[in-house]
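Have a look at the structure below, then the notes.
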Amino acid sequence: MNQLVWGAGQRLRGSRRFATKMILTLLVVILIPTLTSVLFYNASSKLVKKNVRVSSLQLVRQAADALSAIMLAGTDASNILYSDVKLQQAARNTRPTPEEEEAYKTYVSNLLNNYVGSNSFVKTLYVLREEGTSWGSGSFKLSKIYVQSLHDLEWAKLARMKDGEPAWGKLAYDPYSGIGDINDLVLPVIRVIKDFESLADIGYLLVNLDGNKILDRIGQIRLGNSGGFFVVDESGTIVIDRRLDRLGQPLSDPELREWAATGSAAEFEHEEDGVRFYHIKQPLANGWSVVGSVPIHEITDQLTSMRRMIWTSALGFALLAVAIGLILARQVTKPIQQLTSQMKVAEGGDFTARTEVRTKDEIGLLSQQFNKMIRRINELVREVREVNESKRQAELKAVMHRINPHFLFNTLSTIKWLVRYNQSAKAYDALSSLVLLLEANMGKKGSFVTLAEELDIVAKYLSILQIRYDKEFRLHADIAQEAETFPVPRMLVQPIVENAVFHGLVPLGGGGDIWIEARATEQAIAIVIRDNGRGISPDDLQKLDDSRQDAEPSGMTGIGLTHVREWIRLYYPPGSEMRIGNDPEGGAIVRMKLIKPVDAQVKREGE
């Protein structure tokens, strides 16, 4: 049975692991396509990132090419006008006659206007001088020249530094054209005009490229949703940008500024205000660089969405696998748990346990076999109980048959000596007491009597002993009412009283007293028998201890006390005992603790 329950426990633990195994199996099945998707995502991510880089490089080159084409128009215009001989003469002549001044004005104005009209990227052209007349195309406002000395202007200083070579200014509003405060957005190409003969500075040539067309051209090329292109000079200062408030401002991040101005790498990443940006650049012929900038998340949004979709679907399928695994495992393990539960009930000794599993699978077959096994075990247990009960009854009767001759032998020996010494009256009284005693015993069915009836037998037997020894033996009984009806084997107390008389009181040469007390608790009856005799010697106490280990009975541990112990062992539940010792006030004392047996057994034994 223990092996069966152990096996059931193993199956229960196995059933618990079964749910885990099923869930893990489903998770592995789901994990395979998930891992495939992850690998595909990683490969796709690398490919997409590579394509994004290639595409970004193409876009920045496209922006650089578009801007270079416009800027080339500016340098071409500057070179053509710079080499014009008549323009050289007009700029060199600071004190022309009125006729010459008019001729210069007509020629230069027509030259500038014609060139502007023939080139869509050139917005305005100016020939400016510190002294004398200046000329310009379109709505040139000569009066704006005299507001500030040309020599002190930043673009003029830049042109002088270049010493006749073209210099580029940042995108700005044209200060010399327009009506009132309305100005045109232009990208200036500045050049100091040199006297071909003396190489002295005689004026400035301004070629203003159409700034709006430049912004429109680079604005058509976009990176991501919000990214775009701007241009920085050799110092990392922004010179072209659709966000006009940034014009003339250096890049805020030092590392980004250094990379844009002098870095050799085409790509750069940095974080600004918690957002990571991807930058790419392409140098221009004049030393500037076109820089493309876009938040990284915009060019990787699709990858992020794909990754989120993969992990979301994986999580969803994993939860689905757990749910399916739990449902399937419950369907499989529930009957196993029911079977195991009934096995535990059977382990506790309840062989009425039955399983209700009626499935047609292996578990149902196991349940049927379990029920069949329990029925068979129940039958075997019942048979064993009946055999044990019969054996116990036989043992009790055997003990009774052994104690009765012992008792009769002692009594008849007493009567024999009374007759021998012609004490007919005492012999008659002894025989009368014996008859009454035998009558009391013969009138009872079964091997058990109540404690009150047992004390009545003891009293009759004590009267026989008084006749035998011609001494007064006084019996003091203090029996609690609830203990009077407690069932005890017949002759349970009598051998103890007999030993108290023979070995305790008689050796003192006089009579004596015997006290019997009985108290009842919920679980047991406590009986105390003591006398005021000579007590028990240490050797006899040792023999009593030996007799508890099934030693051969002799003397004080004679047949009577041995059989009392046998009665207690055979009939009463574990924990019942008899202890013998000396009373501190004198005499011997016997304590019995009798655990209350099951009512059904008591009734059956008493019949």
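Position in the sequence shown (from 1) plus 2 gives the number in our numbering.
We put the CB at the ideal spot given by N, CA and C, even for glycine.
These numbers were taken from a predicted model, which means no experiment stands behind them.
Same chain, Cβ closer than 6 angstroms to residue i, five either side skipped, listed in chain order
| i | result |
| --- | --- |
| Thr-413 | Leu-436 and Ile-466 |
| Lys-581 | A quick correction: the sequence has Arg, not Lys, at residue 581. Hits under 6 angstroms: Arg-593. |
| Ile-626 | Residue 626 is absent from the structure shown; the chain starts at 3 and stops at 609. |
| Val-277 | Pro-297 |
| Asn-121 | Ala-75 |
| Ala-68 | Arg-219 |
As assigned by DSSP and simplified to three states, the class of residue i
| i | result |
| --- | --- |
| Ser-266 | coil |
| Ala-161 | helix |
| Thr-99 | coil |
| Pro-650 | Past the boundaries of the shown model lies residue 650; the chain is included only from 3 to 609, so the question cannot be answered. |
| Glu-199 | coil |
| Ala-174 | strand |
| Pro-256 | helix |
| Thr-126 | strand |
| Gln-344 | helix |
| Tyr-574 | coil |
| Lys-473 | coil |
| Ala-93 | helix |
| Ile-538 | coil |
| Gly-229 | strand |
| Tyr-423 | coil |
| Ser-291 | strand |
| Arg-248 | helix |
| Thr-77 | helix |
| Leu-187 | strand |
| Glu-104 | helix |
| Met-558 | Confidence in Met-558 is poor, its pLDDT being 37 and thus under 50, which makes the residue's placement too unreliable to answer from. |
| Pro-168 | coil |
| Leu-207 | strand |
| Lys-310 | Here the sequence assigns Arg to residue 310, which means Lys is not the residue at that position. Reduced to three states, the DSSP call for Arg-310 is helix. |
| Asp-552 | Residue confidence is low: Asp-552 scores 48 on pLDDT, short of 50, so the model does not pin down where it sits. Its coordinate-derived value is still stated next. Reduced to three states, the DSSP call for Asp-552 is coil. |
Contacting residues, own chain, Cβ-Cβ under 7 angstroms from residue i (five flanking each side not counted)
| i | result |
| --- | --- |
| Thr-22 | none |
| Gly-589 | Gly-506, Arg-532, Asp-533, Asn-534, Gly-535 and Gly-537 |
| Pro-256 | none |
| Trp-157 | Gly-171, Pro-190 and Ile-192 |
| Thr-2 | No answer is possible for residue 2: it lies beyond the span of the chain, which begins at 3 and ends at 609. |
C-beta atoms of residue i and residue j nearer than 8 angstroms
| i | j | result |
| --- | --- | --- |
| Phe-279 | Val-296 | yes |
| Thr-108 | Glu-133 | no |
| Leu-89 | Leu-127 | no |
| Leu-439 | Lys-462 | yes |
| Arg-224 | Gly-238 | no |
| Ala-79 | Val-129 | no |
| Thr-452 | Glu-486 | yes |
| Tyr-106 | Lys-146 | no |
| Tyr-471 | Val-499 | no |
| Gly-226 | Leu-187 | no |
| Ala-169 | Arg-193 | yes |
| Val-292 | Ala-66 | yes |
| Pro-497 | Val-386 | no |
| Thr-357 | Ser-369 | yes |
| Ala-263 | Val-234 | yes |
| Val-124 | Val-209 | yes |
| Phe-491 | Ser-449 | The amino acid at residue 491 is misidentified as Phe; the sequence shows Pro. It is a contact, given that the beta carbons lie within the stated cut-off. |
| Asn-115 | Ser-139 | yes |
Short CB-CB distance (under 8 angstroms) between residue i and chain C
| i | result |
| --- | --- |
| Ile-531 | Reference to chain C is not applicable here, since this structure consists of a single protein chain. |
Run of the beta strand (DSSP E) containing residue i, from where it starts to where it stops
| i | result |
| --- | --- |
| Leu-596 | 590-597 |
| Ile-282 | 277-285 |
| Arg-532 | 526-533 |
| Ile-582 | 579-584 |
| Pro-489 | 489-491 |
| Trp-517 | 514-522 |
| Phe-450 | 450-452 |
| Ile-242 | 240-242 |
Residue range of the alpha helix (DSSP H) that includes residue i
| i | result |
| --- | --- |
| Glu-484 | 483-486 |
| Lys-215 | 213-221 |
Residues of its chain near residue i, where Cβ-Cβ distance is below 8 angstroms and the 5 sequence neighbours each way are ignored
| i | result |
| --- | --- |
| Phe-488 | Thr-452, Leu-453, Ala-520, Ala-522, Ile-527, Leu-596 and Lys-598 |
Three or more C-beta pairs below 8 angstroms linking the region 374-382 and the region 412-429: no
Contact between the region 318-330 and the region 261-275 (3+ Cβ pairs under 8 angstroms): no
Stretch pair the region 579-594 + the region 515-533: three plus CB contacts closer than 8 angstroms: yes
At least three beta-carbon pairs within less than 8 angstroms, the region 565-582 to the region 454-461: no
Segment contact, 8 angstroms Cβ cut-off, at least three pairs: the region 157-165 with the region 133-144: no
Cβ contact (3+ pairs, closer than 8 angstroms) linking the region 284-291 and the region 215-222: no
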